[in-house]
Amino acid sequence: MLFFYVFIILAAICSCQSSECERPSDTPVSQTVHLDPHFLSKTAFPNSLNTPTHVLPIDGGASIDDRGQLYVVVDCWNNRVLYTSSLTLPLKEWKALITNIGTPHSAAVTRFEDKRGGGSGSDKFWIVVEATALNSLTCLAVRIRSGNVEVLYGHSVAVEGERPHKTIFIEDYKSFFSLSSVGPLLYLTRLKVESGGMEQPVSIPLPFLEGLYARSFTHHSNKFYFASHLGIVVAELVADGVSQEMNLLKVVEVPGEMEYLNDIYFSNERRVYITWTHKNSVGSSTGESGGICVMKGLAEGECVGIKDDLGLEGTPYYLSTDLDGSLLVTEITESSGIVRFREDCGEGEFAPLVCQVERMQGSFEANSADLEEKWRLMS
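Going by mature numbering (1 follows the signal peptide of the UniProt record, and there is no 0), the letters in the sequence shown line up with residues -18 to -1, 1 to 361, in that order.
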C-alpha cells in the first residue's frame, strides 16, 4: 500500500528532465495519469455530465470525418475528459480521452508535424489538460483519424502554484500557457512547442495576483486578461530571450456580486463575455447561482445579463467558439450542461443580443449534498 501512494506522488510531480521533451514516454496514458485516492469513490452519475467546465472544438479537417470537427469536453466532477464528433449525439456514444484525472477544468490543443509512427503528420495534435487536484498538467500527443483519438505518448508536468485551472494555446508564442488558480503566489506555466516536441516548462510569476483566486485568463490583442477576485487584471508578457515576466497594465473593476469571476472571453464579433459565481453562493448550497453578461468592450458601457436568454439554470463557466462561429458555454454546480448560441442576430437597436439558442447536453441537477461536496473540492 505504501508503494501505491509513493507511486501516485511521483506521477504527479514528474516532468521531463532534458532540454527538449520530444518523446517523454511511450507508456500508455492510463499508466501515466493517476487518480488521487480521494476520487476513487467518486463515480456517481457516469452516464451524464456532471460539472462540465469546458468544451474545446478541434478543426481537424479530413483527418476527423466529413465535417472535420471534434469536440473535447472536460467533465470535471466525473474526473474525465470526453470527445465526440457531435455535441448532439447521446452521451453513451461519446468516447473517453482520459479518465481518473483529478477534477480537470479545461483543455487546449495545437497541431504538430511528426512523421514518427506513420500518418501524414497533419493528423497529430498536442492536447494539454489540467489534473487540477494533483497540481499538474497532462500532455498528450494524439493522432485523430476518422473521429477516433489515438494517444501516441504523453507525460505529466508539475506546475508551480496550486490548482491549475485554465490552459490555452497562444499561436503568437507557439506555446501552451496554464494558470495556477490559488496559492501565496500565482503562476503561468509556459510549455513551448518546438519541432513537434515540448521544451522545458517555464514558470512565470504573477505578483499582482498575490493572495487572490483567479479561475481563468485569456490572450487578446497582445495582452493577457486575468479573471480574478480583484476584477479583470490586464497585463503584458515581457521576454528578452533570457527571462520572462508579466507586467501589470491596469485593473478593470466589476460590480460586487460579480466578485468571483469564472471567465472573460473575447468573441469574433468583438464582444466581451464575463461569467461569474455569485458571491452569496460561494461555499453554500443555498446561495444564488452565477451569471453571464456581454458588453461591446471593457470600457464601453454596461455589461448586459443574458443568462435568462440562454436558459441557463446553473452557474455559467467557460466559453469557447465553435467552428461555425457560434459560441458554446458550459454551466456547472446547480445544473450541468452545454449551451450553443449565436451573437450575429441582426443589426439595429432592437436586434437581440443572442439567438438560435440550443441546449446541446444536460442537465444533471445537483442536490444540496452534491453542492457542498463540489464547493469543498473546487473552491
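Glycine is no exception: its CB is placed at the ideal position from the N, C-alpha and C atoms.
This one's a predicted model, so the numbers in the text were calculated from it and none came from an experiment.
- Taken atom to atom, the span from the alpha-carbon of leucine 335 to that of glycine 223 is near 44 Å.
- If you draw a straight line from the Cα of leucine 230 to the Cα of valine 215, it is about 8 Å long.
- In the structure shown, leucine 73 falls within a helical segment according to DSSP collapsed to helix, strand and coil.
- Between the alpha carbons of leucine 31 and valine 55 lies a gap of roughly 9 Å.
- Taking all protein chains shown into account, glutamine 338 has fewer than 16 neighbouring C-beta atoms within 10 Å of its C-beta and is therefore exposed.
- The beta carbon of aspartate 326 sits closer than 7 Å to the beta carbons of Glu251 from its chain, once the five residues preceding and following it are set aside; these are given in chain order.
- Every unbroken stretch of the beta strand (DSSP E) spanning 3 or more residues and falling wholly within the stretch 133 to 180 is given here in chain order: 144 to 152, 157 to 164 and 168 to 176.
- Distances from the alpha-carbon of isoleucine 274 to those of Leu294, Ser203 and Ile40 put Leu294 closest.
- According to the DSSP secondary-structure assignment, glutamine 226 is paired through a beta bridge with Ala221.
- For serine 128, DSSP assigns no beta-bridge partner whatsoever.
- Threonine 114 carries a helical assignment under DSSP once its states are collapsed to helix, strand and coil.
- Serine 68 and glycine 328 have their C-alpha atoms spaced approximately 27 Å apart.
- Counting every other CB atom within 10 Å of its CB across the protein chains shown gives leucine 243 a total of 16 or more, marking it as buried.
- A buried status is given to alanine 113, since no fewer than 16 other beta-carbon atoms sit within 10 Å of its beta-carbon.
- Going by beta carbons, phenylalanine 107 and glycine 178 fall outside the 8 Å limit.
- Going by beta carbons, valine 286 and glutamine 226 fall outside the 8 Å limit.
- Straight across, the Cα-Cα distance linking serine 163 with glycine 319 is about 23 Å.
- DSSP places asparagine 244 in the strand class (E or B) of the three-state scheme.
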